[in-house]
Structure formats: C-alpha cells, structure tokens
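S.K.: There's a structure below that I have some questions on.
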Amino acid sequence: MEIQVQAYGKLNLSLDILQRQPTGYHDMRMVMETVALCDDVHIAISEGDSVQLSTNLHYLPVDDSNIAAEAAEVFFQELDLPRRQVTIHIHKRLPVSAGVAGGSANAAAVLRGLNHLLGTGLRTEELRHLGLMLGSDVPYCIGGGTALAEGRGEILTPLPSLPSCHIVICKPKFSISTPSLFGKIDCAKIRHRPDTSGMIKALEDGCLGQVAVRLYNVFEDVLTGKQRDVLVIKNALFDTGALGAAMTGTGPSVFGLFEDEQVARAAYEQLKQTYPETFLTKNRSELLTMGK
Ligand code: C5P
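According to this note's numbering, the sequence shown is numbered sequentially starting from 6.
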C-alpha cells in the first residue's frame, strides 16, 4: 500500500504575539495562507515494525529527529495500532529552516497519508490534535487554506480565501533560531502590531490590495545584525512592484504578493541573482483533501 501526499508551504500574512504562557509558549494571532510550492511525501506500508525515511537532500536527518519520522511514530503510538513498516521518501522543494513550515507540512502529510492508508478514519480535528504533539504549526498544515491561528497556533478559524495572486518567496543565506527569536520578544514592548482585524475585513471584502498593505510580522522589529537583510529583501520586493511584503514565521524568508504575473516574474528573476533560494509561486487557499 502506498500513497503520495503533497506537503504545501505556509505563509504568515500577519503574525502577532499576545502574551507568553506559563508553559513558555506564546499566545499567537496569525493569518495563515497556503502556497502551491510543495514537497512530495511518498509513504509505503508493508510488513515490519520500523520507520524508514529518505529525502533528496543529503544533509537532512533521517532518524526520528526528523519530524516526518516522528509523525509516523506518534500516529502508531497514540492510536495504539499494531506496528507496520513505514517507508517515507520526501522530495523537498520547500526551503529548509525558512519559516514556510516545510517540516510541519511534511509531518502533517505523514499523518494524513497514514490515516488514509490504514483506514483509521480520523477527522481533521483528531489529526490536528496529533499534529500539536509534533509542533505548533502542524495543526494548521493538516488542513491548510486561509485561516486565523490563535493559541499556540492550534486554534484555527477558517477565513474567506485570499484572492488568487502571485507570490515571490526569498530566503536569505542565514538561518534564524525559532526559540532565540521568541526569546527576544517582550510582549509588553511590541511597538508595531499587524492590523489583524483590518486584514480579516479585507479578506471578507475580497480585496487583495487591502490585505497586502497589512502584511506584517512582529518579529521584523527584533531582527539584529545580518538578520536585518530580511528588511533589505522586503524593500527590494516593494521596489520591484510587490503590493505588500513581510517575513514569514520566524524567518528568515520574506515574501511579496503581486497581482500581475509578469511583474512577479521580473521580481523573482532579479532577487534570484542575489538569493539563489528564491521561488515564484501562487497561493492555494482551498482546504486540503487527500490526493491533492
Ligand atoms: O511548537 P514548536 O516546536 O514549533 O515550537 C518551537 C519553539 O518556538 C518552542 O520551543 C518555543 O520556544 C517557540 N514557540 C513559542 N510559542 C509558540 C510557538 C512556538 O514560544 N506559540
């Protein structure tokens, strides 16, 4: 038995942090969107009792420190299922450690794929519950689409779809540690916050331009040193005609929204000269179903 599942990347159209919970996690308020850029996750089930993982990128871990392998372990353990051999191959296209939830999307794809292959019939909410054991972005990645994410990221409210648009995603050459960036945020001192309500209203009105001018991520304000290259890319996206631009998640990728495909393509070609990990894609607002 085998299946191939697409693991789509996500963007934070907005990212706000409300407060630090006693658990150390933060209460978030984020408008999320899915992009067409994806990894392919091939899952096969056979006789045996281990999880085997491979990817097309030699530097990624393939033991259970990879969240996709961990997802398979969690699925069998939490459902108390008889063990099977699970062989996973991930063809990565999403940039790694980039703020587009590549790992979380892989984990979500494994949960969705195993649910389908093993006929366990878990509903979206139940898959999301398993997903939260793996990471804060995994519940969103189970269903995708345009959504408001609150709590750690697991309280999800569907929103009207972002109008169809062209998106340039650009990852600078450095990485940013997620826990250290959260550590730099003092919720009482956040100077600029995204206009989340205004963005939701713009989505209700179906107005891409009004969404685009409200793209904002509170982490942009605590970037230091070379991390400030993020702001250079953001300005470059504006200069090349983006309707709006922001960093996604804890970065370092920056994305710009474009109405016009030719303008987006020209921006992509220009940024790619300096930043090899630049991508041209579209949004993908519909909810995920198996086989898509
Ligand atoms: O849940 P996940 O493993 O993706 O979180 C990685 C790290 O990001 C956490 O250890 C925590 O430092 C930070 N985090 C947070 N609040 C959230 C999500 C993540 O502080 N809502």
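The beta carbon of each residue, even a glycine, is placed where N, CA and C say it ideally should be.
Note that the structure is predicted; figures quoted are calculated from it, not measured.
Looking at His121 and His47, is the spacing between their C-beta atoms short of 8 Å?
M.R.: Against a cut-off of 8 Å, the Cβ pair of His121 and His47 comes out as no contact.
S.K.: What would DSSP say about Tyr221, mapped onto helix, strand or coil?
M.R.: Here Tyr221 sits in strand by DSSP.
S.K.: In whole angstroms, give me the CA-to-CA distance for Lys297 and Lys15.
M.R.: The predicted position of Lys297 is uncertain, since its pLDDT is 49 and thus under 50; no value can be drawn from it.
S.K.: Over the uninterrupted beta strand (DSSP E) stretch that includes Pro163, give me the two end residues.
M.R.: Here the beta strand (DSSP E) through Pro163 covers 160-163.
S.K.: When the Cα atoms are used, what is the spatial distance from Glu130 to Gln278?
M.R.: Distance between the alpha carbons of Glu130 and Gln278: 43 Å.
S.K.: Taking the alpha carbon of Asp226 as the point to measure from, which residue in Leu23, Leu236, Pro66 has its own alpha carbon closest?
M.R.: Closest by alpha carbon: Leu236.
S.K.: Phe243 lies in the beta strand (DSSP E); which residues open and close that run?
M.R.: That residue, Phe243, is in no beta strand (DSSP E); its alpha helix (DSSP H) goes 234-244.
S.K.: Taking Asp265 as the reference, give the member of Cys170, Asn71, Pro163, Cys175 with the closest Cα.
M.R.: When only C-alpha atoms are compared, the closest one is Cys170.
S.K.: For the beta strand (DSSP E) that contains Gln9, what are its first and last residues?
M.R.: Its beta strand (DSSP E) spans residues 7-25.
S.K.: Classify Gly136 as helix, strand or coil using the three-state DSSP reduction.
M.R.: Helix.
S.K.: Could you tell me whether the Cβ atoms of Ile181 and Ile22 are closer together than 8 Å?
M.R.: The answer is no: Cβ separation not under 8 Å.
S.K.: For the beta strand (DSSP E) containing Glu264, name the first residue and the last one.
M.R.: Glu264 -> no beta strand (DSSP E), and no H or E assigned at all.
S.K.: Put Glu78 into one of helix, strand or coil per three-state DSSP.
M.R.: Helix.
S.K.: Grouping DSSP H, G and I as helix and E and B as strand, with all else coil, what is Phe187?
M.R.: Phe187: helix per DSSP, three-state reduction.
S.K.: Go to Ile205, then tell me how far its alpha helix (DSSP H) extends in each direction, as first and last residue.
M.R.: Where Ile205 is concerned, the enclosing alpha helix (DSSP H) stretches over 201-209.
S.K.: DSSP three-state call for Gly104: helix, strand or coil?
M.R.: It is coil, neither helix nor strand.
S.K.: Relative to the alpha-carbon of Asp210, which residue among Ser166, Phe284, Arg117 has its alpha-carbon at the smallest distance?
M.R.: Here the closest residue by C-alpha is Ser166.
S.K.: Output needed for Leu186: all residues of its chain with C-beta closer than 6 Å, excluding positions within five of it in sequence on either side, in chain order.
M.R.: Excluding residues within five positions, the ones whose Cβ falls inside 6 Å are Phe224, Thr255.
S.K.: Given this structure, state the Cα-to-Cα distance separating Arg98 from Ile174, to the nearest angstrom.
M.R.: Computed Cα separation, rounded: 12 Å.
S.K.: Check whether the Cβ atoms of Thr150 and Pro144 lie closer than 8 Å to each other.
M.R.: The amino acid occupying residue 150 in the given sequence is Gly; Thr does not appear at that position. Cβ distance not < 8 Å, so Gly150 and Pro144 don't count as in contact.
S.K.: Please classify Met252 as buried or exposed, where buried requires at least 16 other C-beta atoms within 10 Å of its C-beta.
M.R.: Under this definition Met252 is a buried residue.
S.K.: Alpha carbon to alpha carbon, how far is Tyr273 from Val40?
M.R.: About 16 Å.
S.K.: Are Met33 and Ala207 closer than 8 Å when you measure CB to CB?
M.R.: Not in contact: Met33 and Ala207 (Cβ atoms no closer than 8 Å).
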